[in-house]
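Student: In our numbering, the protein residues as written are 1 to 381.
Virtual Cβ for every residue (Gly too), placed ideally from N, Cα, C.
It should be emphasised that the depicted structure is a prediction, and the values quoted were computed from it without experimental measurement.
Sharing a structure, written as C-alpha cells. Questions coming.
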Ligand SMILES: Cc1cc2nc3c(=O)[nH]c(=O)nc-3n(C[C@H](O)[C@H](O)[C@H](O)COP(=O)(O)OP(=O)(O)OC[C@H]3O[C@@H](n4cnc5c(N)ncnc54)[C@H](O)[C@@H]3O)c2cc1C
C-alpha cells in the first residue's frame, strides 16, 4: 500500500523535532539513574509518554505512525528519549493496553504515562532466543496465584524497571499455544533481577530469575493460545526499535554532512572530492529507502488487511542500512570518527543491536522467504 503523512502526523513530527531541538541535550550515551527519571518527568510533562495510549489513562490516543515519527525525531538528538516514547506507547506498555484487563490498565498505565513507572520485557531465555517458542519458564496455578520457575536474559533496562511483561508457559502440551504472559513486579516473592550488564552500546541489560515466584492471578495478561497476539504486539516494539535506529543513523549522517563541509585536506573541503560525494549520495539513498520502508510498515500496521511482512522488511532494511551508513559516517571522520571525542563510534555501536534485538535479521529473512515462496519452513530441519 502507499502512504501519505496526514496533517496530524506532520504536526506531531514537527512538535517532536522542535522539542528535541530546544529541550534535549545531544546525547553521547544512554541516560541512566537520576538523569533517566528527570528526563522521563520532562517527557511526561510534554505529553510524550504513552502517546498511543487511550486518553482515559493519560495518553493521547495517537496512531502508531505518529509515534514512529516522533521517536525518529527524538532519537536524532537523544535516543533515550525516543526510546521512552516507544516503550511507554506502542512498545512494552502496549502489552498491557492491548491485552490487559481494565483493572490492570487502571493500575499500571497512568503511572507509566506519568514517567514514574517503567515496564520491561522478559521474553528471551538463555536457551531460547530466536526459537522464542522454546521458552521454558513455567507458570503453574496455585490458589489465587501462579508459581513461576525459570529465567530470562538480555532484558533491556531491567535494572531500572519496576515491572516486567514475562512470557511463560501456562499450558503443558509442549506447543507454542502453551505460551502466555504475566506481569511480574519487582519485589514479588521468589523473583529477583540480576546485576546490570553493560552491552556494546553502553545500555544495561539484566537477567531475571523466578524461583517459585508467587505472582497473583490478577497479573495474568494472557494465558494459553495467545502467542500470535503477543507477537502482534511485539511488532510495535520492532517498529519502535527501527525508528530509534533510523533516528540515530540520521544523526550520524547530519553530523557527517556538516563535517565534510568543514574538514579540509589537500587545500580544499573534503566534500569537494568525488569519492566523498558518492559516499554521501549512497548514504542518502539508503536513508531514504529505509525511511520509506519503515513508514510503509507503520502505515500497514494501521491497516488490519495489510500484509504484515512489511514489519520484517523494514526491520531488516533499517538494520542493515544503519550498519553501513554509520560505518561510512565514521570513515568520513577519519581518526576523529574512531576517537571517543566524537559520537560517531557510539552511533556505530548503538545501531549494531538492530540486527539482533527484536529477532535477528536471519530469522526475519527466513520469514520473508517463507512468505515470498509460499512455503512454511520448518526451522528444525
Ligand atoms: C540490544 C538488545 C536488546 C535486547 N532486549 C531484549 C529485551 O528487552 N527482552 C528480551 O526478552 N530479549 C531482548 N533481547 C534478546 C533478543 O531478542 C535475542 O538476542 C534475539 O532474539 C536472538 O536470540 P539469541 O541472542 O539467543 O541468538 P540465537 O537465537 O542463539 O542466534 C544465534 C545466531 O544464529 C542465527 N540463527 C538462529 N536461528 C536461526 C535460523 N532458524 N535460521 C538462520 N539463522 C539462525 C541467528 O540469526 C544468530 O546469528 C535483546 C537483545 C539485544 C542485542
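What residue does the beta strand (DSSP E) around residue 152 start on, and which one ends it?
Tutor: The residue given as residue 152 occupies position 152 in the chain shown. 145 to 156 is the extent of the beta strand (DSSP E) around residue 152.
Student: For residue 101, count neighbouring Cβ atoms within 10 angstroms of its own Cβ and tell me buried if that reaches 16, exposed if not.
Tutor: Within the chain shown, residue 101 is the residue found at index 101, counting from 1. Burial call: exposed.
Student: Please report the straight-line C-alpha distance between residue 154 and residue 356, rounded to a whole angstrom.
Tutor: In the chain shown, the residue the question calls residue 154 occupies position 154. In the chain shown, the residue the question calls residue 356 occupies position 356. Each residue's alpha carbon lies about 11 Å from the other.
Student: Excluding the five sequence neighbours on either side, which residues of its own chain have a C-beta within less than 8 Å of the C-beta of residue 178, listed in chain order?
Tutor: For the purposes of this step, residue 178 is identified with residue 178 of the chain shown, where counting begins at 1. Once the five neighbours on either side are set aside, the close Cβ partners of residue 178 are 169, 170, 171, 172, 224.
Student: Distance check for residue 148 and residue 340, CA to CA, integer angstroms please.
Tutor: In the chain shown, residue 340 corresponds to position 340, counting from 1. In the chain shown, residue 148 corresponds to position 148, counting from 1. Their Cα atoms are separated by approximately 43 Å.
Student: Tell me whether residue 83 is buried or exposed, calling it buried when 16 or more other Cβ atoms sit within 10 Å of its Cβ.
Tutor: As a first step, residue 83 must be located in the chain shown, where it is residue number 83. For residue 83, the number of other beta carbons within 10 angstroms of its own is at least 16, and it is reported as buried.
Student: Pull up the CB-CB distance for residue 252 and residue 325, whole angstroms please, since I reckon it's below 8 Å.
Tutor: Residue 252 sits at position 252 when you count from the first residue of the chain shown. Residue 325 sits at position 325 when you count from the first residue of the chain shown. Confirmed, about 7 Å.
Student: Could you name the residues of the same chain whose beta carbon sits closer than 6 Å to that of residue 122, not counting the 5 residues immediately before and after it, in chain order?
Tutor: Taking the first residue of the chain shown as position 1, residue 122 is located at position 122. The answer, listed in chain order, is 152, 155, 164, 166, 208.
Student: Tell me residue 264's beta-bridge partners as DSSP assigns them.
Tutor: The residue you call residue 264 lines up with position 264 of the chain shown. Beta-bridge pairing links residue 264 to 269.
Student: What whole-angstrom Cβ distance do residue 317 and residue 293 have, given they're in contact under 8 Å?
Tutor: Counting from 1 along the chain shown, the entry for residue 317 is found at position 317. Counting from 1 along the chain shown, the entry for residue 293 is found at position 293. The Cβ separation is near 5 Å, so the contact holds.
Student: Do three or more CB pairs link the region 59 to 76 to the region 87 to 100 at distances below 8 Å?
Tutor: yes
Student: Rounded to whole angstroms, what is the Cα-Cα separation between residue 291 and residue 89?
Tutor: In the chain shown, residue 291 corresponds to position 291, counting from 1. In the chain shown, residue 89 corresponds to position 89, counting from 1. Taking the straight line joining both Cα atoms gives about 20 Å.
Student: Which residue comes first and which comes last in the alpha helix (DSSP H) that contains residue 352?
Tutor: The residue you call residue 352 lines up with position 352 of the chain shown. Where residue 352 is concerned, the enclosing alpha helix (DSSP H) stretches over 344 to 352.
Student: So residue 183 and residue 221 are supposed to be a Cβ contact under 8 Å. How far apart are they, rounded?
Tutor: Here residue 183 refers to the residue found at position 183 of the chain shown. Here residue 221 refers to the residue found at position 221 of the chain shown. Indeed, because the Cβ distance is near 6 Å, the residues count as touching under 8 Å.
Student: Hey, would you say residue 299 sits closer than 9 Å to residue 86, going by beta carbons?
Tutor: The residue given as residue 299 occupies position 299 in the chain shown. The residue given as residue 86 occupies position 86 in the chain shown. Against a cut-off of 9 Å, the Cβ pair of residue 86 and residue 299 comes out as no contact.
Student: Rounded to a whole number of angstroms, what is the C-alpha to C-alpha distance between residue 279 and residue 328?
Tutor: The residue given as residue 279 occupies position 279 in the chain shown. The residue given as residue 328 occupies position 328 in the chain shown. Whole-angstrom Cα-Cα distance: 7 Å.
Student: Helix, strand or coil for residue 4? Go by DSSP, reduced to three states.
Tutor: For the purposes of this step, residue 4 is identified with residue 4 of the chain shown, where counting begins at 1. Coil at residue 4, not helix or strand.
Student: Considering only residues of the same chain and omitting the five flanking positions on each side of residue 203, which have a CB-CB separation below 6 Å?
Tutor: As a working note, residue 203 is residue 203 in the chain shown. Answer for residue 203: 30, listed in chain order.
Student: Would you check whether ligand 2 has a heavy atom nearer than 8 Å to the C-beta of residue 199?
Tutor: In terms of ligand content, the structure shown lacks ligand 2 and carries ligand 1 instead.
Student: Jot down the residue ranges of each uninterrupted alpha helix (DSSP H) in the region 196 to 243, minimum 4 residues, whole runs only, in chain order.
Tutor: none
Student: Residues in its own chain within less than 8 Å of residue 235 by CB, not counting five upstream and five downstream?
Tutor: As a first step, residue 235 must be located in the chain shown, where it is residue number 235. Within the same chain, and ignoring the five residues on either side of residue 235 in sequence, the residues whose Cβ sits closer than 8 Å to its Cβ are 301, 308, 311.
Student: Taking DSSP as the reference, what is the three-state secondary structure of residue 118?
Tutor: For the purposes of this step, residue 118 is taken as residue 118 along the chain shown, with counting starting at 1. Of the three classes helix, strand and coil, the one that applies to residue 118 here is coil, per DSSP.
Student: For the region 68 to 82 against the region 118 to 138, do three or more pairs of beta-carbon atoms, one drawn from each stretch, fall closer than 8 Å, so that the two count as touching?
Tutor: no
Student: List the whole-angstrom C-beta distance separating residue 338 from residue 332, where the pair is believed to meet the contact cut-off of C-beta under 8 Å.
Tutor: Here residue 338 refers to the residue found at position 338 of the chain shown. Here residue 332 refers to the residue found at position 332 of the chain shown. At roughly 12 Å, the Cβ-Cβ gap does not stay under 8 Å, so residue 338 and residue 332 are not in contact.
Student: Around the Cβ of residue 38, are there at least 16 other Cβ atoms within 10 angstroms (buried) or fewer (exposed)?
Tutor: Residue numbering aside, residue 38 sits at position 38 when the chain shown is read from its first letter. Counting the other CB atoms within 10 Å of its CB gives residue 38 a total below 16, which places it among the exposed residues.
Student: Cutting at 6 Å between CB atoms, please list the residues of its own chain near residue 276, excluding the five before and the five after it.
Tutor: Translated into positions along the chain shown, residue 276 becomes position 276. Closer than 6 Å at the Cβ level, and outside the excluded window around residue 276, lie 260, 270.
Student: Given 8 Å as the limit, tell me if residue 65 has its C-beta closer than that to any heavy atom belonging to ligand 1.
Tutor: If you number the chain shown from 1, residue 65 lands on position 65. Result no, Cβ not under 8 Å from ligand 1.
Student: Classify residue 34 as helix, strand or coil using the three-state DSSP reduction.
Tutor: Along the chain shown, one-based indexing puts residue 34 at 34. Of the three classes helix, strand and coil, the one that applies to residue 34 here is helix, per DSSP.
Student: Around the Cβ of residue 289, are there at least 16 other Cβ atoms within 10 angstroms (buried) or fewer (exposed)?
Tutor: Here residue 289 is taken as the residue at index 289 of the chain shown, counted from 1. With fewer than 16 Cβ atoms within 10 Å of its Cβ, residue 289 is classed as exposed.
Student: Within 10 angstroms of the Cβ of residue 80, are there 16 or more other Cβ atoms? Answer buried if so, exposed if not.
Tutor: By 1-based counting over the chain shown, the position of residue 80 is 80. The residue in question, residue 80, is buried, as its Cβ has 16 or more Cβ neighbours within 10 Å.
Student: Three-state secondary structure (DSSP) at residue 49?
Tutor: Within the chain shown, numbered from 1, the residue matching residue 49 stands at position 49. Here residue 49 sits in coil by DSSP.
Student: Just checking residue 131 against ligand 1 - is the residue's beta carbon closer than 8 Å to any of the ligand's heavy atoms?
Tutor: On the chain shown, position 131 is the one that residue 131 refers to. Yes, the Cβ of residue 131 comes within 8 Å of a heavy atom of ligand 1.
Student: Considering only DSSP beta bridges, list what residue 24 is partnered with.
Tutor: Counted from its first residue, the chain shown places residue 24 at position 24. None; residue 24 has no bridge partner.
Student: Comparing the CB of residue 267 with every heavy atom of ligand 1, is any distance shorter than 8 Å?
Tutor: Working through the chain shown from its first residue, we reach residue 267 at position 267. Because no heavy atom of ligand 1 lies under 8 Å away, the Cβ of residue 267 does not count as near it: no.
Student: Just curious, the beta strand (DSSP E) that residue 93 is in, first and last residue?
Tutor: For this step, residue 93 is matched to residue 93 along the chain shown. Here residue 93 belongs to no beta strand (DSSP E); instead the alpha helix (DSSP H) covers 93 to 99.
Student: Considering only the alpha carbon of each residue, which of 295, 334, 303, 304 lies closest to residue 315?
Tutor: Against the chain shown, residue 315 aligns to sequence position 315. For residue 315, the nearest C-alpha among the options comes from 295.
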